[in-house]
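Novice: Top to bottom, those sequences are chains W and R.
The opening position of the first sequence corresponds to residue 1 in the working numbering, with each subsequent residue numbered one higher.
The opening position of the second sequence corresponds to residue 300 in the working numbering, with each subsequent residue numbered one higher.
Don't be surprised by glycine CBs; every beta carbon is placed ideally from N, CA and C.
Take a look at the following structure, please.
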Amino acid sequence: MIQTVATGTTVDEAVSNALAKLGLTRDQVKIEIIDEGKKGFLGFGAREASVRVTAEVVSTEPEAASVAAKVEPAEEAPGEPMAKPLEPITSEGPASAGTVQPEDPAEPDPVPFDKNEDEEKGPAVPVVPVEPLEPVRPEESGEEQERDLDEAIGMTAGYLKSVVREMGAEDAEVFHALDGKNLEFRLESEKAALLIGKRGQTLNALQQLVQVVANNYAKQFLVVSVDVGDYRAKRAETLKMLAERKADQAVRTGARVALEPMPSSERKIIHHALSERFDVDTHSEGKEPHRHLVIEPHK
Amino acid sequence: MKKLIETIVKPLVDHPDELRIGVEERQGRLVCSLSVHPEDMGKVIGKQGRVATAIRTVVNSAESAGRKRVRVDIMD
C-alpha cells in the first residue's frame, strides 16, 4: 500500500500534487481530505489544503516504489534542516490558539504519523525528526528545476531591490537564502526604519508583494519572508518578553489580558512562547486586521 | 511616485503594456489612479485586497518620508 500526504492551495491542487508524487492517476487511489485549508490574510493565517492519498496496488513505477519504501510521506522539500532560527516568523501556519505548535525537539514523538499530518498545514513547522526523508521528486529534472528556481529567485531579488530603491533606500542591498520552500530575503540599508515602517507594516507589505512576485516567477510554491537587518529576530524577542509580562499580569490579576491587534505571524510567536506555560491559555479574537490575542489564566 | 508604482505593479500583471498610472494633486493629497488590463484586476487587488493594501502601504511609506498622504485608486 502506498500512501502520501500532500498540500496545495486548494483541495484539488493538493490532490494533483499527491498524484504527481506517486505517479498515479485519480482512479487508482483513495483520497482522504485532511484539511480543506483556508485563505488567511496577508499571506498569514492561510492554511494549505492537505490530503492523504492511498493506493492499494503496488505500482511498478520507480517513484512510487521509492514512496512505498518510506513509511513516512516525504515533504516537497526533502531533507531540509529541522530547526531554522527564523522558523516561527516565516510561517503562514494557523494562528489560532496553539492547536498546532512546533513540537519540542527534545522529545521526539513516538507515533509521528498523526503529528505529521498536522504539520503539513504549516509549511515552516519542522518535519518530525524520525528519519531523514528522501526526495520523491524524480531526479532527472532536478537540475533543470534548480536552474529555473535560481533564475526566479534572481528576478525576485531584482524586483525587491528596485522597489526599495525607488522607495528612497538607494543604498539597499538584497541577500537571499533558500531553505526548502522557504525563501528568505534580507535587506541591508541605512534607511532601515523607512523599510520597516510602524511595527513592521511596510516590511510586511513588501513581503506580501515579494511573495506574489516570487510565485509568479517560480514554478514551485515558495514561502517568502523579507527581513531588514535582524529586525524580525529582534521583534520576536520583544514579543516573547511582552508575552511573559502579560501572562504574569493575567495570573496576578486573575483576569484576561487582551493584546493589541497584530499580524498572525506575530500572534503565532506569542502563542508559541506561552504554550510552554501551564498557568495561562491563549487564543485570538476578532477579525483581521483587528484580530488580537487574549491571554487568560488557566482554570 | 509614478515610477515607484510602476516598479511595484509591472511584475504583478500579465499585460504590463496596458498598465496606466495617473497622478494628480487634489486638496493637498496625491491621488494615483491605477488602471490595468481587466484580466489583471484580480492580481493587483489580491485575495481580500491583500495586494492592493500592500501596494498602498509601500507607496505611503515612501511618500510620508516626503510629505503627504497618497491615495491609490484602482480603476475599472
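Pick helix, strand or coil for Lys-30 of chain W, following the three-state DSSP scheme.
Specialist: Here Lys-30 of chain W sits in strand by DSSP.
Novice: Between Leu-194 of chain W and Ser-360 of chain R, which are expected to be in contact by the criterion C-beta below 8 Å, what is the C-beta distance as a whole number of angstroms?
Specialist: Going by Cβ atoms, the distance from Leu-194 of chain W to Ser-360 of chain R rounds to 6 Å, so yes, they are a contact pair.
Novice: How many whole angstroms separate the CB atoms of Gln-211 of chain W and Lys-181 of chain W, which I take to be in contact at a CB cut-off of 8 Å?
Specialist: Incorrect: roughly 12 Å between the Cβ atoms, too far for contact.
Novice: How long is the line joining the alpha carbons of Val-47 of chain W and Gly-321 of chain R, rounded to whole angstroms?
Specialist: The identity of residue 47 of chain W in the sequence shown is Arg, whereas the question assumes Val. So the two alpha carbons sit approximately 37 Å from each other.
Novice: Mind pulling the alpha helix (DSSP H) runs of 4 or more residues that sit fully within the segment 194 to 274 of chain W?
Specialist: Qualifying alpha helix (DSSP H) stretches, in chain order: 201 to 217, 231 to 253.
Novice: Can you tell me the Cα-Cα spacing of Val-174 of chain W and Val-163 of chain W, whole angstroms?
Specialist: Spanning the two alpha carbons is a distance of roughly 11 Å.
Novice: Using C-beta distances below 6 Å, list every residue in its chain close to Asp-171 of chain W, excluding the 5 sequence neighbours before and after it, in chain order.
Specialist: The answer, listed in chain order, is Ser-189, Glu-190.
Novice: Helix, strand or coil: which one does DSSP assign to Gly-168 of chain W?
Specialist: Three-state result, Gly-168 of chain W: coil.
Novice: At which residues does the alpha helix (DSSP H) containing Met-340 of chain R begin and terminate?
Specialist: Unbroken alpha helix (DSSP H) run through Met-340 of chain R: 340 to 344.
Novice: Since Ser-370 of chain R and Cys-331 of chain R should fall inside the 8 Å C-beta cutoff, what is the C-beta to C-beta distance between them, to a whole number of angstroms?
Specialist: Per the sequence shown, residue 370 of chain R should be read as Arg rather than Ser. The pair is a contact, with the Cβ atoms about 7 Å apart (cut-off 8 Å).
Novice: Quick one, are the C-beta atoms of Ala-218 of chain W and Leu-149 of chain W less than 8 Å apart?
Specialist: Against a cut-off of 8 Å, the Cβ pair of Leu-149 of chain W and Ala-218 of chain W comes out as a contact.
Novice: If we cut at 8 Å on Cβ distances, does Pro-310 of chain R have a partner in chain W?
Specialist: Answer yes: the Cβ-Cβ gap between Pro-310 of chain R and chain W drops below 8 Å somewhere.
Novice: Name, please, each residue of chain W whose Cβ falls closer than 9 Å to the Cβ of Val-350 of chain R.
Specialist: Simply Gln-208, Leu-209, Val-212.
Novice: Looking at the C-beta of Lys-302 of chain R, does it have a partner C-beta in chain W at a distance below 8 Å?
Specialist: For Lys-302 of chain R, the answer is yes, since a Cβ of chain W falls inside 8 Å of its Cβ.
Novice: Is it right to say Arg-267 of chain W is buried, meaning 16 or more other beta carbons lie within 10 angstroms of its own, or is it exposed?
Specialist: It counts as buried.
Novice: Helix or strand or just coil, what does DSSP make of Gln-3 of chain W?
Specialist: DSSP places Gln-3 of chain W in strand when its eight states are reduced to three.
Novice: Spatial neighbours of Ala-192 of chain W within its chain, please: C-beta separation below 6 Å, excluding the five flanking residues on both sides.
Specialist: Excluding sequence neighbours, Ala-192 of chain W sits near Val-228, Gly-229.
Novice: Could you check the C-alpha separation between Ser-16 of chain W and Gln-28 of chain W for me, to the nearest Å?
Specialist: When rounded, the distance between both Cα atoms is 13 Å.
Novice: Figure out for me which residue from R:Val-358, R:Lys-302, R:Asp-372, R:Glu-362 has the closest Cα to the Cα of Leu-209 of chain W.
Specialist: The option with the nearest alpha carbon to Leu-209 of chain W is R:Val-358.
Novice: Counting C-beta neighbours from all protein chains within 10 Å, is the total for Pro-310 of chain R 16 or more, i.e. buried, or is it exposed?
Specialist: By the neighbour-count rule (16 or more Cβ atoms within 10 Å), Pro-310 of chain R is buried.
Novice: So, is Phe-278 of chain W buried or exposed, given that buried needs 16 or more other C-beta atoms within 10 angstroms?
Specialist: Under this definition Phe-278 of chain W is an exposed residue.
Novice: Of the residues that make up the segment 166 to 196 of chain W, which ones have a beta carbon closer than 7 Å to any beta carbon in chain R?
Specialist: Correct list: Glu-166, Met-167, Gly-168, Leu-194.
Novice: Got a sec? Which residues, its chain only, sit under 8 Å from Lys-246 of chain W by beta carbon, not counting five neighbours each side?
Specialist: Closer than 8 Å at Cβ, skipping near neighbours: Val-257, Leu-259, Ile-295.
Novice: Could you give the first and the last residue of the continuous beta strand (DSSP E) run that contains Asp-281 of chain W?
Specialist: Element bounds for Asp-281 of chain W: 280 to 285.
Novice: Could you check the C-alpha separation between Pro-261 of chain W and Glu-244 of chain W for me, to the nearest Å?
Specialist: About 17 Å.
Novice: Alpha carbon to alpha carbon, how far is Gln-249 of chain W from Glu-324 of chain R? Give it in angstroms, no decimals.
Specialist: Going from the Cα of Glu-324 of chain R to the Cα of Gln-249 of chain W covers about 49 Å.
Novice: Checking contacts by CB at 8 Å: is Ile-307 of chain R closer than that to chain W?
Specialist: It does; some Cβ of chain W falls within 8 Å.
Novice: Could you check which residue in W:Ile-269, W:His-292, W:Glu-288, W:Leu-293 has the C-alpha nearest to that of Gly-348 of chain R?
Specialist: Ranking the options by Cα distance to Gly-348 of chain R, first place goes to W:Glu-288.
Novice: Does the Cβ of Met-167 of chain W have 16 or more other Cβ atoms within 10 Å, making it buried, or fewer, making it exposed?
Specialist: That one is buried.
Novice: Between Arg-26 of chain W and Ala-14 of chain W, what straight-line distance do the alpha-carbon atoms span, to the nearest angstrom?
Specialist: Distance between the alpha carbons of Arg-26 of chain W and Ala-14 of chain W is about 12 Å.
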